[in-house]
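What follows is a single structure, written as structure tokens, with notes after it.
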Amino acid sequence: MELTIVRWLHIFAGIIWIGLLYYFNFVQAVALPKAKADNTAAGITKHVAPQALLWFRWAAAATWLLGAYYLERSGVGLGNAFMLKGAAASIGIGAWLGTIMLFNVWVLIWPNQKKVLGLVQADDAAKAKAARVAFLASRTNTMLSLPMLFFMVAGSVGHGLPAM
Amino acid sequence: MKTPLDSIVGTLVSGLILTVILYFFVVNFLVKTTV
């Protein structure tokens, strides 16, 4: 029962994380330039984006921690997953991709978004650079989310790939 | 400099290509050698 609850919470947190990632990429990144053009962007940058980023970064951390706990407690082993050993190979690829994505969230996206949103001091040139880095890191995570989800699913059900 | 990640379609196509590459990597290199 413990593992079912951990896996349930892992998927719940993952939906919040990846759902917000898709919101940023498919909705906000498209809408923001249009909102800036008619001077209505402040509603997004002051109220929506900080709240979305709060849930985004902590859901990312929770997803990774719950996934790591699950792998260790389920008998797969965190070490086996990251070493891509035997039946842990598929879920291990998913775990590596999820780890790279977590790094991008906390090291590239969040610190740079703080500059873009004015939560920390930055001049216009630094803000422009930060916006580009955060954008590309977010798009990289969207790209990585496809194989990450595939190998998370494959790690559970197999279909020609090693299943847990 | 523009990259495929500048567009949503480019991002999704890149993700699909990466998925296929990783799938064949797992099937041909990891499964054969470790299972």
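Quick note, the sequences are listed as chains A and B, same order. Numbering of the first sequence is given in my numbering, commencing with residue 1 and proceeding in unit increments. Numbering of the second sequence is given in my numbering, commencing with residue 1001 and proceeding in unit increments. Note that beta-carbon positions come from the ideal geometry of N, C-alpha and C, so glycine has one too. Just so we're clear, the structure is a prediction, and the values are computed from it rather than from any experiment.
Element boundaries [alpha helix (DSSP H), containing residue 4 of chain A]: 2-22
Host alpha helix (DSSP H) of residue 1029 of chain B (start-end): Element bounds for residue 1029 of chain B: n/a, residue is neither H nor E.
Length of the line joining the Cα atoms of residue 72 of chain A and residue 1014 of chain B: 31 angstroms
Neighbour flag for residue 1026 of chain B against chain A, beta carbons, 8 angstroms: yes
Identity of the residue in A:103, A:45 and A:104 nearest residue 173 of chain A by Cα: No statement about residue 173 of chain A is possible, as the shown extent of chain A runs from 1 to 164 and does not include it.
Run of the alpha helix (DSSP H) containing residue 58 of chain A, from where it starts to where it stops: 49-73
Residue 92 of chain A beta carbon less than 8 angstroms from that of residue 82 of chain A: yes
Proximity of residue 108 of chain A and residue 126 of chain A at Cβ, strictly below 8 angstroms: no
Distance CB(residue 148 of chain A)-CB(residue 1005 of chain B) smaller than 8 angstroms: no
Exposed unless 16 or more other CB atoms sit within 10 angstroms - verdict on residue 155 of chain A: buried
Short CB-CB distance (under 8 angstroms) between residue 26 of chain A and chain B: yes
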